[in-house]
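Residue numbers (the numbering used here): 37 to 272. Working notes for the structure below.
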């Protein structure tokens, strides 16, 4: 079953404080409310700023109605009694988007992983699912390094759909072994190796059962529905 966040005002406030590690400027509750509806450019002059990174930062100026519509965390921050609500600027200095942006012709899995994790922090499941779809459909998915795997395991929960996707990519034949090791085979997270072993065992048991019932050999394929984060309005 997928985890489904609750997007009401009070829980958005709480999740904002927990995820971002920041404190409100007063004890009053944030007046966030639910998203008013899809962005309509009704207030095109109101811009919020998001600064990501510490030594090398990226600055994003975004229409406030877009930011607040797509992320309940940003809605709580920019509309509540937080410093971000006063300055209309959020600084995320414990996170880096290094590698997330580059030439379109270059597939950078590390960038996709970072965007997925940032979307998780900002409670943006639709973006997470778009990223998963891009990873699955890209022909160079096999170009993955131990650095990507280690970073993902350091920054995600055990039940993360991103972890599951990387495990299945490595387990079911879409992996360039030389690229995977990248000369740093000792850097595999132990949990990752266990997850690969469990995925292979589960697939073998499933394939054996199907073969007994239908005499058909089944090979697991990557399908987006297996790695989707549940979006608001949908149930598991």
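For glycine and all other residues, C-beta sits at the position ideal for the given N, C-alpha and C. Every value quoted in this text rests on a predicted model; they were computed, and no experiment measured them.
Exposed is the label assigned to residue 122, since fewer than 16 other Cβ atoms lie within 10 Å of its Cβ. Out of 115, 98, 155, 160, the CA that lies nearest to the CA of residue 86 is found in 98.
Judged by DSSP in its simplified three-state form, residue 188 adopts helix. DSSP places residue 263 in the coil class of the three-state scheme, outside both helix and strand.
Take the alpha-carbon of residue 231 and the one of residue 113: they are about 36 angstroms apart.
Secondary structure of residue 84 (DSSP, three-state): strand.
Going by beta carbons, residue 183 and residue 146 fall inside the 9 angstroms limit. Of the residues assessed, residue 95 falls on the exposed side of the cut-off, its CB having fewer than 16 other CB atoms within 10 angstroms. Residue environment for residue 229: exposed (fewer than 16 other C-beta atoms within 10 angstroms of its C-beta).
Taking residue 261 as reference, the option from 77, 103, 168, 206 with the minimal CA-CA separation is 168. In this structure residue 266 is not in contact with residue 108, their Cβ atoms being roughly 14 angstroms apart against a cut-off of 8 angstroms.
Per the C-alpha coordinates, the member of 172, 129, 125 positioned closest to residue 148 is 172. Counting only runs of 4 or more residues that sit fully inside the segment 85–120, the alpha helix (DSSP H) segments are 100–106, 108–115, in chain order.
Going by DSSP, residue 126 is part of the beta strand (DSSP E) stretching over 125–128. Note on geometry: alpha-carbon atoms of residue 225 and residue 186 lie some 6 angstroms from one another.
In this structure, DSSP gives residue 228 a helical state, which the three-state scheme calls helix. Taking residue 92 as reference, the option from 115, 128, 191 with the minimal CA-CA separation is 128. The continuous alpha helix (DSSP H) containing residue 147 extends over residues 145–157. In terms of CA proximity to residue 263, 170 leads the group 236, 170, 238, 234.
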